[in-house]
Amino acid sequence: MKSWTPKAIATEAKLLLIGIPVLLWTLIPVYHMVLFAISSKDSATSGHLWPKNPTLDNFRIVFQQKHFYLDHFWLQLWNSLLIALSVGALTLFVATTAAFAISRLRVRGGRTVMNLALFTYFIPAAFLAVPMYKTMGNYGLLNSQWALILAMVTIASPYCIWVLKQASDKLPYELDEAARMDGASPLQLFRLVYLPLMVPSLVAVGTYSLLLAWNEYLYAFLLLSNDRSVTLAVALGNFLSADDSPWELLMATGLIYALPPAAIYYAFKRYMVGGLTAGAVKS
Amino acid sequence: MSSTATATAAPLPAPLVNLGARHARWQFWGAVMVVPYLLVFVVFVLYPVGYGLWLARHPQSYVKLVEDPIFFRSVINTAIFLVVAINIKMLVALVLSGFFVTSRWWIKIVSAIFILPWAMPSIPTILSIRFMLNPEWGVINSTIFRLTGADGPNWLNDPSLALAFAMIVHIWKSLPFWTLILVAGRLAIPTEQYEAASVDGASSWQKFRFVSWPALKTLYITSLILSMIWTLGDFNSVYLLTGGGPADLTHVLATLGIRYLRLDQVDLSMASIVVALPLVLPLVYFMMKRLSK
């Protein structure tokens, strides 16, 4: 620790002058959500900064599905989880094989595939949603969870391929040569040499695609409509259509829905920040 | 490249023959392994985009679109969103990235919390902001009432205020990501450059002007453009805060297309996206050139 000279104190004060507003800016909407989630129906809207009688009743109501908006809470939570896990696994498969083929096997036309992926990555999400919705209808997939899973794999994999390709290119080529000399087949190279070395990047893109799918609203709400097949995000959006929505229950459900991604993010923060920014900063 | 290296290492004729076959086998597996992504691309990108353009082929769709006053308003809103929100966001991200690279134990904690809006899903957080703005019982207006005894404005009922709040929501949600990117950019600058500048007696502004900015400029511009492209597709900030209202005056192109879709006017929906292409395609082209070097 440095000594507290006037100059050092002035520097700290200046930093605090940025840090405190940044904290408030970040936390006020989150705090507001927590406040609603632990307030009873009438005290939620009283405008106090802390409820007089904080309660966990809202969570009990949500968990016991004791409101007609929440009839399928557990099923919808399960849907969110199942869809996110499927998207994570499928994206990992699609992106890892593509990145390996392009970067390590140097497949002919690999550059073109890279450009196709980049192109997809740059299409604004809401613009692809309309044709995607019509196409899923043509494929007969509307209202099937496969529609959402495949749509999210489509949206997640380009960035994952990009990040994995950046990371793959950094692995020394001598490893491949040594494996080839030992007579390894391409699949053995992939399984025994490539995958173990790529673990940190795989964790990063796997987490990224899982969170993307869990957090998705637009595609989920377009592609799924049946109460028993929708994700929790869509169910939360449905609260909005009522005139007298139970705000406190909505915020309690929202908090339950928002916690897993935040927790996963913090658990894998080291990998994610490294993996995702490495892909972006390269240019 | 590798085959020549192998060939010089093993100058026997027999393996040389094998090399061609082996190369073919590696190419074969390479092709097999890009097929999953190619399938995804063809089935869920190429076909939808082509089909969408086909749906948007009738000239009368565009006439109807241009005659819809909501369309005109959406274009203006989108332009305001892009120019105002993105520039504010990226400038703040640039400043904050300077704050977050300062090494203090408490700044590490702040940076961990700062990422929350990005890590959390849009819907509960944007709805939370929406409730804060409720004219009757939202926390903002009840605070105004307690302090002044007067009723606060009906924030989301005024189209320009509502749009401003949608931009604030957008900035709240995506600022952490861009700050993170610029932090990574700043961390890549060698510290010796700052030390040298300190020795020369440079002020912090001069350090930024002559060391940080030249190093960050390319990344900043890339981020600005990418952020513009993505913001064109930002549906949540507007839809979850205002639903496009009041009176459909806060729609942007991203929500307008979905609005037409919900009204079963698919041709208008696609047309509203097609008219954005002259703006999107140059940006995409720029990004692809930049990144696929």
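Those sequence lines, one after another, are chains A and B. Using our numbering, the first residue of the first sequence is number 1, and each one after it goes up by one. Using our numbering, the first residue of the second sequence is number 284, and each one after it goes up by one. Note that beta-carbon positions come from the ideal geometry of N, C-alpha and C, so glycine has one too.
Residue i: contacting residues in chain A (beta-carbon distance under 7 Å)
i        : result
B/Tyr503 : The premise fails here: B/Tyr503 is roughly 11 Å from chain A at the closest Cβ pair, so nothing lies under 7 Å.
B/Phe250 : Not covered by the structure: residue 250 of chain B. The range shown for chain B is 284 to 576.
B/Val367 : Those do not exist, as B/Val367 stays about 18 Å from chain A at its closest Cβ, beyond 7 Å.
Short CB-CB distance (under 7 Å) between residue i and chain B
i        : result
A/Asp34  : The amino acid at residue 34 of chain A is misidentified as Asp; the sequence shows Val. No, A/Val34 lies away from the interface with chain B (no Cβ there is under 7 Å from its Cβ).
A/Ala179 : no
A/Ser283 : Below a pLDDT of 50, predicted positions are generally treated as unreliable, and A/Ser283, at 41, falls in that range; the measurement from the model is reported next regardless. Yes, contact with chain B.
A/Phe317 : Nothing can be reported for residue 317 of chain A: it is not among the residues displayed for chain A, which extend from 1 to 283.
A/Tyr257 : yes
A/Pro29  : yes
A/Ala98  : yes
A/Gly88  : no
A/Trp247 : yes
A/Gly254 : yes
A/Tyr271 : no
Closest Cα partner of residue i within the set the options
i        : options                                : result
A/Leu92  : B/Tyr320, B/Ile359, B/Phe355, B/Glu350 : B/Tyr320
B/Trp337 : B/Arg573, B/Met571, B/Tyr568, B/Val557 : B/Val557
A/Asn138 : B/Ile512, B/Trp513, B/Tyr334           : B/Tyr334
A/Ala204 : A/Met272, A/Leu56, A/Tyr133            : A/Met272
A/Ile38  : A/Glu248, A/Leu259, A/Gly275, A/Pro261 : A/Glu248
B/Phe493 : B/Ala479, B/Phe428, B/Val328           : B/Ala479
B/Ala395 : B/Ile409, B/Ile371, B/Phe460           : B/Phe460
A/Asn226 : A/Tyr173, A/Lys269, A/Val199, A/Leu141 : A/Leu141
A/Leu148 : A/Val199, A/Ser168, A/Ser209, A/Val113 : A/Ser209
A/Val87  : A/Val113, A/Thr11, A/Gln145            : A/Gln145
A/Gln76  : A/Thr253, A/Phe59, A/Phe122            : A/Thr253
B/Gln343 : B/Gly313, B/Met403, B/Leu551           : B/Leu551
A/Ala117 : B/Ile427, B/Thr474, B/Phe327           : B/Phe327
B/Pro565 : B/Ser555, B/Met403, B/Tyr522, B/Ile512 : B/Ile512
A/Leu212 : B/Ile369, B/Met403, B/Ala314, B/Trp388 : B/Met403
A/Thr45  : A/Met251, A/Phe268, A/Ala258           : A/Met251
B/Ala467 : B/Thr533, B/Ala498, B/Ile541           : B/Ala498
A/Pro51  : A/His32, A/Tyr69, A/Phe59              : A/His32
Boundaries of the alpha helix (DSSP H) in which residue i is found, first to last residue
i        : result
B/Glu350 : 342-350
A/Asn215 : 195-215
A/Tyr159 : 145-170
B/Trp337 : 330-338
B/Asn519 : 519-525
B/Trp388 : 388-397
B/Asn370 : 369-383
B/Arg244 : This structure cannot settle anything about residue 244 of chain B, because the visible part of chain B is limited to 284 through 576.
A/Tyr173 : 173-181
B/Gln489 : 487-490
Residue i at chain A interface by Cβ criterion, 7 Å
i        : result
B/Val558 : no
B/Asn519 : yes
B/Leu515 : yes
B/Phe382 : yes
B/Val328 : yes
B/Ala467 : yes
B/Ser552 : yes
B/Pro294 : Unreliable placement is indicated for B/Pro294, whose pLDDT of 49 sits below 50; the coordinate value is still reported in the next sentence. No, its Cβ sits nowhere closer than 7 Å to a Cβ of chain A.
B/Gly540 : yes
B/Asn360 : no
Neighbour list for residue i in chain B, Cβ cutoff strictly below 9 Å
i        : result
A/Arg108 : Gln310, Gly313, Ala314
A/Asn58  : What A/Asn58 touches in chain B: nothing, since even the nearest Cβ is about 13 Å away.
Chain A residues whose Cβ lies nearer than 8 Å to that of residue i
i        : result
B/Ile390 : Leu15, Gly19
Partners in chain B for residue i, counting only beta-carbon separations shorter than 7 Å
i        : result
A/Asn115 : Met571, Ser575
A/Leu151 : Residue identity differs from the one stated: residue 151 of chain A is Ala in this sequence, not Leu. The contacting residues are Phe327.
Amino acids of chain B, ordered along the chain, whose beta-carbon sits closer than 8 Å to that of residue i
i        : result
A/Gly237 : Ile406, Leu523
A/Phe268 : The contacting residues do not exist; A/Phe268 stays about 10 Å from chain B at best.
A/Met132 : Phe327, Pro331
A/Leu105 : Trp309, Gln310, Trp312, Gly313, Met316
A/Val22  : Leu379, Phe382, Val393, Phe397
Review point. Could you give the uninterrupted runs of the alpha helix (DSSP H) lying entirely in the segment 425-482 of chain B, keeping only those of 4 residues or more?
Key: For the segment 425-482 of chain B, the continuous alpha helix (DSSP H) assignments of 4+ residues that do not extend past its boundaries occur at 442-470, 474-482, in sequence order.
Exercise for review: Return the chain-ordered ranges of every alpha helix (DSSP H) run that is complete within the segment 80-128 of chain A and spans a minimum of 4 residues.
Suggested key: DSSP assignment within the segment 80-128 of chain A yields the following whole alpha helix (DSSP H) runs of 4 residues or more, N-terminal first: 110-122.
Exercise for review: Could I get the ranges of all uninterrupted alpha helix (DSSP H) runs contained in the segment 1-88 of chain A, with 4 residues as the minimum, in chain order?
Suggested key: DSSP runs (the alpha helix (DSSP H)) wholly in the segment 1-88 of chain A: 6-37, 41-44, 57-63.
Practice item. At 4 residues or longer, and completely inside the segment 212-273 of chain A: list those alpha helix (DSSP H) runs for me, N to C. Key: As far as the segment 212-273 of chain A is concerned, its whole alpha helix (DSSP H) runs of at least 4 residues are 218-223, 232-239, 247-267.
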